[in-house]
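Throughout, our numbering is defined as the position within the sequence shown, counted from one, plus 22. Since the structure comes first, as structure tokens, the remarks are kept for the end.
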Amino acid sequence: MRAYTFLAGLFFLLWTGLVQAATLSFNGNAVGGCTLAGMQYTCAALPLGDTDVVVIASAYGVTVNSSLTMKYNQGLTMSGSAALTVKGNLDIKDINPPNLKVTGGNLTAEGGTFSMGAQEQTLSASIAATTIKMGSNNVKVTGSISAKGLVEIASGSVINGPISGATVNILAASSRIQGDITATTSITIGSGSQVTGDLTAPNIDLKASGLLVTGDVKASNTLTIASGNGIKGDVEGGNVTLDASNAYITGNAVVDHITLGWQGRVQQTITCKAYTPSNPCSCVTNNSGWGFNEPQGPKCGPSTQAGPHHFQITHPPAALTCAPAPVTVTACADAACSSVYTGAAQVTLTPGGATAQINGSLPATGMAVSSVAQTTAAGNVALGLSSTPATTGALVCKSSVDNSLTNCQMAFVTSALQVSGAPRYAEQEGRIAISALQASASNPRACVPLFASQTKTLQLRCTYANPTTGTLPARIQNKDNVYVPLGANAGSACSAAGAAVQLAFDADGQATPNLLYADAGALGLTATYASTSGSDSGLTMTGTGTVIVGPKAFAFSAIATPQRAGMTVLPVAPATSISVSALNAAGAVTRNFGRETLAQTVELGRTIVAPVFPGFSDPAVAGSLTFNNNNGVGTAANLSWPEVGQIRFTASLATYLGAAAPQLPATGSSADVLYIPHHYKTEIIVPGETDLPPTAVFAAPCTAAMKCLVGVPPAGVSAYSGQAFGLRVTAQNQANASTLNFDGRDTSYMTAVQVQGWDAAKGEQLFPPGTPGASRLTDGSNAQTTVTSIAATKFTLGVARSALAYRFPGASGVPVMVAPTDVLLRASSTNGGASVSSAPAAAGSEGVLTVLSGRLMVPHGYGSERYPVRLPVQAQYWDGKMWSINLADSGSKFTQAQVLLANCKKTLDCAALQVEGGTYTVNKGELPKNKLLTIQAPGAGKVGSVEVSVPGMVYLPSTVGIVVFGVFKSGPVIYLREMY
């Protein structure tokens, strides 16, 4: 009975527990505490039991006017277009993953935080909140994620949908995002993550390493791509940094500035937003280890333009009805026309229907000369054009006389003066043409002269069309060959009145006086004829034209010589910058150059004077040249060249103001500049490398007992005093790249490179002086000839490899007791008064070698004259206290012929004694057991002693061992007893 009562009570408890597990179904039915309007539920709160489940059917919405936190045993089910909106925080992070069955819909935390992911949860829904936190565990979300503030996503998460917020943090590591990420402040993505989609934020940080973004990235302020990360797409950014090493961008990069760390790559084109053709890579700091325009290095250029912003027509105020009027069409890249469109464009002009091809050939000027025409007189004829490609901006028109804006209208008249002139150089004589024409009465399309074979006085004046101001006048040669300034005098600006100039017209009614203008620019010329007497009394005509006058040459200010490869060029003191002046034909500065409406592109370049051998290196000059001083003088900023040799810097202008017939190229060059290496690098050639000189041996890796200075390999390397090792000397530029022109095929700009040994511990030169005194570098030969330099002829493509030895003092063939000495190998030279060094203070680097005092220890030995004696010869070094076996030596060797047998005693005959043939090579400092130095048995009755040594090894002086034949070794005796 008692058991029955217990079971009944237990059943009651279980039943009451099941009753408490309620399901709140929002599917059109009434739900306690909530109101329903249409398909929208509104609840003041949503109190839930520990095991309650919320089910929201598709198309129904639930709004809770307070925060909602759900626990582990509670559940949430949504599908289709169901929506749950909470006024406050919505926290589902603790729901047991099987109880979270959200396969569609929207989750919103208005004004609060949405939290999930304390468990490994999965849902399909769009999420919106002020703050979104995806917990500390892997989450899987299919749908959009949008926050007004922070979005934080746990490591290892999978998101299929776009993400947006003020700040987006995707924690390390290994998340997978399929969708665009947008932030108003910053995006941070942890290591190992994979994003397929575009990133857009002012600041973006892609943490190291193994992170890949497949999509385009826009970061208006900063973008940091850490080591090993990549972007498969295009980048548009402010300050972009690719950290060392192996960060990469597969597409194009349009940036304010970009820093390429070690082996950092932009595989397509880098475009500086402040792009200048003379220095396209001006915004690039290149620490990648690859040079500009090398296959792996940065390549810079302009961005691809979709089409011109608008077109600009520069036209005269009036034109004859009997002849086409010349106009200039400019394709503008921006609203201010501060830069031109460089793609191809074709325009058709009205009136007249003339066509023009813009940028049909290189260089792309963005301009073309065409014409407009109309055969009937009219005062206000509208100008227009159609184009391929089309533009987004409206047509702009300017006067060819003074560059002022017009209303895109011009007059067509039946009689007028025509003024024209071909492009010419400043202060160089060139003719202009002035014609008085009128339309033929019989053929309106034909012009006939009015002043055939007559002399007329015209009022001529000049204006500044481009730039719009100036300081000097045009001077026109009259019929008496006298130049008349169109200003107060030859040194003043163009005047409003100009000057009366008497001109002789030929039989065709054309006057062709010479014009001189000492400055640069598009010069407007206006001619007016107003007769008050004679047969043409009352006749008034006017005409305008534009003459392009360009600089003749460029001149550099003095540049110091020599310069170091890769460094910014230094001027001759006291100047602080390199200037380039635009000059006229008389050698005076054209002060208006650089003030043009569109900046003229002056390219920096170089002319190689030396070297002259085939295949020499000819990299481009770096730097920018800008004329922004309003005085015809430009500044060459950050000018540099990464090679060695003798060069002249050049400045060149392909043409001026789009002049085409003829073009107005202008060039100029500096004086010769000697370029020397920035520094040297010395390296000890170690095992595994392939460029060891034939007479040298590989320096041996040190053993721990030697306590060598750390070098390459990490344990350091060692060689015996007097032993030839391989030294590699590389001439380098500032970026640590080899200067390939430092080559013995042309030594006209080179000097010998001095080599010295320096005390690695104290930084003092060891030869001489030093301790021990009189240490020196030698060639490692038996003669130990002193070496102080490497000849320039020994260099190939910037590198010389030499067999050298560092020798302690002492008599040849006698071991010296000097402790292991760490030596820096220093290379240096002086050229043109400037020193180049491998010292770290000069930005160089130096190989480190530990020099050992060595000897070949030949031990004593004895034995029967009937048997050979075998000697365990050792290669030893003085460790500062005693002679120790050199475990690092597995290469020293000698042959049978080098062994010396001398001073035989008793019945031994040195001439008859023989050494076993072959080559003897030490292994870890001693001869192997199966190849000991063997003195053959002299034979019965041949007893006595002999001195054994191995002379001739200059870096391993031999000791003398004494071998005695005829002496038996004592030892244990075996007694034998027979038992019967």
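All residues carry an ideal CB built from backbone N, CA and C; glycine is no exception.
| Check | Outcome |
| --- | --- |
| Residues sharing a beta bridge with Asp227, DSSP | Thr210 and Thr246 |
| Rounded separation between Asp765 and Asp640 - CA only | 14 Å |
| Candidates Asn945, Leu923 and Gly947: closest to Glu969 by CA position | Leu923 |
| Under 8 Å between C-beta atoms of Arg670 and Ser646 | no |
| As assigned by DSSP and simplified to three states, the class of Pro299 | coil |
| Coarse secondary structure for Asn49, derived from DSSP in three states | coil |
| Closest by C-alpha distance to Phe473, when choosing among Ala526, Ala444, His279 and Ser421 | Ala526 |
| Buried versus exposed, by CB contacts within 10 Å (16 or more), Val873 | buried |
| Residue environment, Ala861, which counts as buried when at least 16 other CB atoms sit within 10 Å | buried |
| C-alpha gap between Ala358 and Pro489, whole angstroms | 15 Å |
| Beta-carbon contacts of Asn308 that lie in its chain and below 6 Å, excluding the five residues immediately before and after | Leu282 and Pro320 |
| Contact belief for Gly232 with Gly250 at Cβ below 8 Å, rounded distance in angstroms | 6 Å |
| Ile78 versus Pro119: straight-line alpha-carbon distance, rounded | 17 Å |
| CA-to-CA distance, Ser213 to Phe33, given in whole angstroms | Note that Phe33 scores 40 on pLDDT, short of 50, meaning its location in the model is unreliable; the coordinates nonetheless yield the value given after this. Their Cα atoms are separated by approximately 54 Å. |
| Whole runs of the alpha helix (DSSP H) within the stretch 890–935, excluding any shorter than 4 residues | none |
| Met904 classed as buried or exposed, judged by whether at least 16 other C-beta atoms fall within 10 angstroms | exposed |
| Separation of Gly748 from Phe720, as counted between CA atoms | 7 Å |
| Rounded separation between Val76 and Val86 - CA only | 12 Å |
| Gln778 to Thr800 span [Cα, whole Å] | 10 Å |
| Buried versus exposed call for Val306 [16 or more other C-beta atoms within 10 Å across all chains shown] | buried |
| Cβ-Cβ distance between Ala355 and His337 below 8 Å | no |
| Spatial neighbours of Val995 in its chain, beta-carbon cut-off 8 Å, leaving aside the 5 residues before and after | Since pLDDT at Val995 reaches only 42, below the 50 mark, its modelled position is unreliable, and the value read off the structure follows with that caveat. None. |
| Reduced DSSP secondary structure (H/G/I, E/B, other) of Thr815 | helix |
| Run of the beta strand (DSSP E) containing Gln62, from where it starts to where it stops | Gln62 to Cys65 |
| Beta-carbon spacing of Gly201, Ile185 below 8 Å | yes |
| Contact test: Pro385 Cβ vs the ligand FMN heavy atom, cutoff 7 Å | Judged by which ligands are present, the structure shown has none, so any question about the ligand FMN falls away. |
| Classification of Glu316 by the beta-carbon crowding that lies within 10 angstroms, buried from 16 upward | exposed |
| Rounded separation between Arg446 and Gly572 - CA only | 6 Å |
| At least 3 beta-carbon pairs within less than 8 Å: the stretch 977–991 vs the stretch 955–968 | yes |
| C-beta contact flag for Gly286 and Leu264 at 8 Å | yes |
| Same chain, Cβ closer than 6 Å to Pro790, neighbours up to 5 away in sequence not counted | Summary for Pro790: the model assigns pLDDT 42, below 50, so the residue's position carries little reliability; its value from the coordinates is reported in the next sentence. Within the same chain, Pro790 has close Cβ partners Ala796. |
| Identity of the residue in Pro684, Val441, Ala580 and Asn402 nearest Gln431 by Cα | Asn402 |
| C-alpha distance - Ala461 paired with Val369, whole-angstrom precision | 28 Å |
| Inter-stretch contact (C-beta, 8 Å, three-pair minimum) for the stretch 805–820 and the stretch 869–886 | no |
| Counted within 10 angstroms of its Cβ, other Cβ atoms place Gln622 as buried (16 or more) or exposed | buried |
| Sub-8 Å separation of Ile570 and Leu686 beta-carbons | yes |
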